[in-house]
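**Student:**
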Amino acid sequence: MAKRRFQLSETEERALLRAFGNCKNGPTRTRYQALRLYGQGYATKEIERITGIPRSTLMDWVRKYRQGGREALQDHRLGGNRALLTEEQLQDLEARLHTYRPGQLFGSTAASGDGQFWTVPDLARAVESWYGVRYARHGSYIRLLKRCGYSYQRPNKVYKSRSEAKVMAFEEELAQKN
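Taken in order, the sequence shown gives residues 166 to 343; the numbers are from the numbering used here.
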């Protein structure tokens, strides 16, 4: 069996442990932990089990650490949908969402039955019509709602073909039978 060439000095190990403790970013913390375990001599199978990352990813992180130190392990992902709307558009969207209700904009075709509350389908429709932007993921609209001061709640099922007059007639008929 080949002897591992990568080992951390005591100073490097302490620095990684300190960085791990101070880091708030989950993916970066995982990288610090995996590299520290690898540098301490843990088997790659054991590191895979602890961190949930494959060996190839671990080796990539080791290579990055050798080339750029601890800073090279930082998670620099920005996310694909975050830049579709500018800051000005986000502020405008927030103002519009607080000014209008889906029922005012879409009438009876609003996703919620009475059009009182913003739903993901209504928000998607509004964002596309106002800004020409369509997000790929449902979660992006949920984050937009949150950014604009709304909380996400699943709407109740609404049957648009439901006739209130027929429902009232049925309930009266039931009341008469009892």
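Even glycine gets a Cβ: it sits at the ideal position worked out from N, Cα and C.
Please report the Cβ distance between residue 288 and residue 306, rounded to the nearest whole angstrom; I am assuming they are in contact, meaning their Cβ atoms lie under 8 angstroms.
**Tutor:** Taking the sequence shown and counting its residues from 1, the one referred to as residue 288 is at position 123. Taking the sequence shown and counting its residues from 1, the one referred to as residue 306 is at position 141. Yes, they are in contact, since the Cβ atoms of residue 288 and residue 306 sit about 5 angstroms apart, within 8 angstroms.
**Student:** Are the Cβ atoms of residue 267 and residue 278 separated by less than 8 angstroms?
**Tutor:** The count along the sequence shown starts at 1 and reaches residue 267 at position 102. The count along the sequence shown starts at 1 and reaches residue 278 at position 113. Contact: no.
**Student:** Beta-carbon separation of residue 194 and residue 188 under 8 angstroms?
**Tutor:** Here residue 194 refers to the residue found at position 29 of the sequence shown. Here residue 188 refers to the residue found at position 23 of the sequence shown. Result yes, Cβ atoms of residue 194 and residue 188 sit closer than 8 angstroms.
**Student:** Here's the rule: buried if 16 or more other CB atoms are within 10 angstroms of the residue's CB, otherwise exposed. What is residue 262?
**Tutor:** As a position in the sequence shown, residue 262 is number 97, starting the count at 1. Flag for residue 262 reads buried.
**Student:** Can you find the residues in the same chain that come closer than 7 angstroms, C-beta to C-beta, to residue 212, ignoring five residues on each side of it along the sequence?
**Tutor:** Indexing the sequence shown from 1 puts residue 212 at position 47. Once the five neighbours on either side are set aside, the close Cβ partners of residue 212 are 199, 202, 203 and 223.
**Student:** Report back the beta-carbon spacing between residue 171 and residue 227 to the nearest angstrom; my notes put them in contact at under 8 angstroms.
**Tutor:** Stepping through the sequence shown from its first residue, residue 171 is reached at position 6. Stepping through the sequence shown from its first residue, residue 227 is reached at position 62. About 6 angstroms separates the two Cβ atoms, so the contact holds.
**Student:** Run through the region 263-308 for me and flag every whole alpha helix (DSSP H) of 4 or more residues, listed as ranges in chain order.
**Tutor:** The qualifying runs are 267-271 and 285-296.
**Student:** Quick one: is residue 284 buried, meaning 16 or more other Cβ sit within 10 Å of its Cβ, or exposed?
**Tutor:** Stepping through the sequence shown from its first residue, residue 284 is reached at position 119. Buried: at least 16 other Cβ atoms inside 10 Å.
**Student:** If you reduce the DSSP assignment to three classes, tell me which class residue 169 lands in.
**Tutor:** Working through the sequence shown from its first residue, we reach residue 169 at position 4. If DSSP states are grouped into helix, strand and coil, residue 169 belongs with coil.
**Student:** Taking only the alpha-carbon atoms, compute the straight-line gap between residue 250 and residue 304 and give it to the nearest angstrom.
**Tutor:** The residue labelled residue 250 in the question sits at position 85 within the sequence shown. The residue labelled residue 304 in the question sits at position 139 within the sequence shown. One C-alpha to the other measures close to 15 angstroms.
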